[in-house]
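Chains as they are written, first to last, in our numbering: chain G, 6 to 191; chain R, 6 to 191; chain C, 6 to 191; chain B, 6 to 191.
Just so it is clear, CB atoms sit at the ideal spot from N, CA and C, and this is done for glycine as well.
Some notes on the structure that comes next.
There are 4 protein chains.
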Amino acid sequence: MRKIVAIVGDSKIDKDGDKYRIAFETGKALVDNGYRIQSGGLAGVMEAAFAGAKASEKYKEGDTIAIIPSFDRTRKNEHADIVISTGMDMIRNAIVANADAVVAIGGGAGTLSEIAFAWPMLRLILAYDNVDGWSQKVAGTRLDNRIRYEDIPEDKVYAVSSPEEVIEYLNKYADKYTKYHKGIVL
Amino acid sequence: MRKIVAIVGDSKIDKDGDKYRIAFETGKALVDNGYRIQSGGLAGVMEAAFAGAKASEKYKEGDTIAIIPSFDRTRKNEHADIVISTGMDMIRNAIVANADAVVAIGGGAGTLSEIAFAWPMLRLILAYDNVDGWSQKVAGTRLDNRIRYEDIPEDKVYAVSSPEEVIEYLNKYADKYTKYHKGIVL
Amino acid sequence: MRKIVAIVGDSKIDKDGDKYRIAFETGKALVDNGYRIQSGGLAGVMEAAFAGAKASEKYKEGDTIAIIPSFDRTRKNEHADIVISTGMDMIRNAIVANADAVVAIGGGAGTLSEIAFAWPMLRLILAYDNVDGWSQKVAGTRLDNRIRYEDIPEDKVYAVSSPEEVIEYLNKYADKYTKYHKGIVL
Amino acid sequence: MRKIVAIVGDSKIDKDGDKYRIAFETGKALVDNGYRIQSGGLAGVMEAAFAGAKASEKYKEGDTIAIIPSFDRTRKNEHADIVISTGMDMIRNAIVANADAVVAIGGGAGTLSEIAFAWPMLRLILAYDNVDGWSQKVAGTRLDNRIRYEDIPEDKVYAVSSPEEVIEYLNKYADKYTKYHKGIVL
């Protein structure tokens, strides 16, 4: 099975800005390297990443998965191939974060909620440190003191600054980060 | 965009039985006709439908979408191409039901919850009436008195008894049932 | 701890009708007998049951719990003491059903989704058989063939026709139905 | 209606430490001042706050509301009066955050997810800055650049360092922070 990488970040960005370019190139690089992409399915980074995915020569219809807030399946960006309509409004962030890996590009509180969930869900998290927002603030840090993987002592939110680095980290770690969360007990 | 049809039904079935055959053939017919399939991603009808999808000559990797209860992305049947891990246990039924259309094949209380959600979500619902379980009980009925579509006075849970009928109803109605639920207000 | 009983049913009812009276009297009887009530917190049966709760001599502020669809904590009926705002729209039905016991009074598809969830969640379910709607249709039946409680061979959706019967069933069964659902595995 | 304040923070704390004392005293002060408390219902800060609530002279049974991850209503701390069992595992954090106000005491990634949700849900957020963890990191900051309340230009995560300050902020702001989130649109 092809792995699915969540791309999370600002929902309002400038199309001429760094975040658009980075999201676009990251989306493209992920599809170039055989990954599918999932996102919240709306605008900004979510849309740019999907547009990038489609610009890949390896792109196939179905590579962009929009996990949207609404019950209304038309409330998604134009590059979404597959719509998962949740009806759970922003709480769908928890499902977006629940991918094989998460890549954060800037982002406000919504993005922060996705990163915050990805951590106890034991996901591989990559965060761009060269754009402002929560990805930069958490890049290179551990969100708390829990030992998520005893065999990965360097575990943290890994800082990245280019699509090439995203791919490098995925190549190195994606198969190791598979100790998926099994549920909370008191 | 290709439409996505949810297939719901019993999670434990006999591989030699009618339900397996019907689920398999329905999955195949749906992919033959250009639809993607989503299900709860586990065993029984969910698995048979995905196996059928893969038997279609038009099948492309990515046509089977498993919306699973667990955070653990490996807890899905072997025919799932795309895993959406929710971590919401059976409450993910509400998201499974949230497709462009729902086809029910037998089913117990879990399936009933999916049908029950699909109705107020204003989805097109097809139910096999030639297998036992909830699909048979609700086939041909309206789940309550609300007018879901003023322009579709015959609206109900449509009874079907073959994959051909499933495709006929989809051809006839899939584009009409798009008044997606916009949210509850008091 | 005082047990919490969910009351589910039609969201639009006539204030002079049987459903209003039954919901009111059931709410009152439950508080008379030491239970708290939870509901979806909106109108109809949900409101009547809360009004009845408040008419009990044993009523204390805090006895009516509204688990509402909205993020907006003001979108609830006037008799709700405690608001749990979910932001999950109708998917909050799954949480409403997740009480110590569920009592159904009529109801359309939304109520059906609550009953359908309560069954695999292994809850005690009581359904009025003397009002039209889903409570009547499922009263006295089993929603599927699973053995929910080996020590309760008579297990089913118990039919009731008066608040006194509701209390009788709760007295008899509430302490036995405590094998709460522990989560799905493939 | 009495307002409900969510208390969020570390799930593992030392009973002799500052966090226990602060959570206990905050829980007590809140009930002293007429508030109910909701939390995730498990251990650590969640339990200490409930214990404090019960130590208030104004405490009435029903003042502590546990919104728990499990379907199993017994998986809660001993001081919980009202159990809302969600079955949504850690995703219930989104519902915990959905109170009239949120007070954070330390906390790891789970607490961070609650704070991150409370911000776009437009809730009043208070964060202790004298204990380590996410409450300290976000105290006095804005989680992103959105204007949540035009009439509250000083809006931010307010830093607090004592229960008295918590009550002061609630007295000053609780009635102003009522522009509850109405749902996301694209």
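Other residues of its chain near residue i: CB distance less than 7 angstroms, five sequence neighbours each side excluded
i, result
"residue 135 (chain C)", "166"
"residue 143 (chain G)", "120, 132 and 162"
"residue 27 (chain B)", "110, 133 and 136"
"residue 118 (chain G)", "98"
"residue 164 (chain G)", "132, 134, 144 and 145"
"residue 76 (chain C)", "90 and 92"
"residue 172 (chain C)", "34 and 38"
Residue i classed as buried or exposed, judged by whether at least 16 other C-beta atoms fall within 10 angstroms
i, result
"residue 24 (chain G)", "buried"
"residue 103 (chain C)", "buried"
"residue 52 (chain B)", "buried"
"residue 155 (chain C)", "exposed"
"residue 158 (chain C)", "exposed"
"residue 20 (chain R)", "exposed"
"residue 105 (chain G)", "buried"
"residue 66 (chain C)", "exposed"
"residue 73 (chain G)", "buried"
"residue 152 (chain R)", "exposed"
"residue 15 (chain G)", "buried"
"residue 94 (chain G)", "buried"
"residue 149 (chain G)", "buried"
"residue 180 (chain R)", "exposed"
Residue i (DSSP reduced to helix, strand or coil)
i, result
"residue 102 (chain R)", "coil"
"residue 183 (chain R)", "coil"
"residue 189 (chain G)", "coil"
"residue 7 (chain G)", "coil"
"residue 69 (chain B)", "strand"
"residue 32 (chain B)", "helix"
"residue 27 (chain B)", "helix"
Boundaries (first-last residue) of the alpha helix (DSSP H) holding residue i
i, result
"residue 57 (chain C)", "50-60"
"residue 79 (chain C)", "Run containing residue 79 (chain C): none; DSSP gives neither H nor E here."
"residue 97 (chain R)", "Looking at the DSSP string, residue 97 (chain R) is not in any alpha helix (DSSP H), and its letter there is neither H nor E."
Cβ neighbours of residue i in the same chain (closer than 6 angstroms, five flanking residues each side left out)
i, result
"residue 99 (chain B)", "122"
"residue 71 (chain C)", "46, 81, 85 and 88"
"residue 40 (chain G)", "8 and 10"
"residue 78 (chain R)", "88 and 90"
"residue 36 (chain R)", "58, 61, 63, 64 and 68"
"residue 189 (chain G)", "none"
"residue 178 (chain R)", "129"
"residue 168 (chain C)", "30, 31 and 34"
"residue 160 (chain R)", "153 and 154"
"residue 182 (chain B)", "129"
"residue 17 (chain R)", "49"
"residue 139 (chain R)", "112, 116 and 117"
"residue 147 (chain R)", "161"
Residue i CB to nearest heavy atom of the ligand SAH below 7 angstroms
i, result
"residue 13 (chain G)", "In the structure on display, the ligand SAH does not appear, and there are no ligands present to speak of."
Run of the beta strand (DSSP E) containing residue i, from where it starts to where it stops
i, result
"residue 85 (chain R)", "No beta strand (DSSP E) contains residue 85 (chain R), which DSSP labels as neither H nor E."
"residue 44 (chain B)", "41-44"
Sequence-distant residues of its chain with Cβ nearer than 8 angstroms to residue i (five each side left out)
i, result
"residue 186 (chain R)", "125, 126 and 127"
"residue 101 (chain B)", "11, 13, 43, 44, 45, 72 and 119"
"residue 56 (chain C)", "29, 32 and 84"
"residue 141 (chain C)", "111, 132, 133, 134 and 135"
"residue 184 (chain B)", "127, 153 and 154"
Query raised in the report: In chain order, which beta strand (DSSP E) runs of at least 3 residues are fully inside the region 116-177 of chain G?
Result: The qualifying runs are 129-133 and 163-165.
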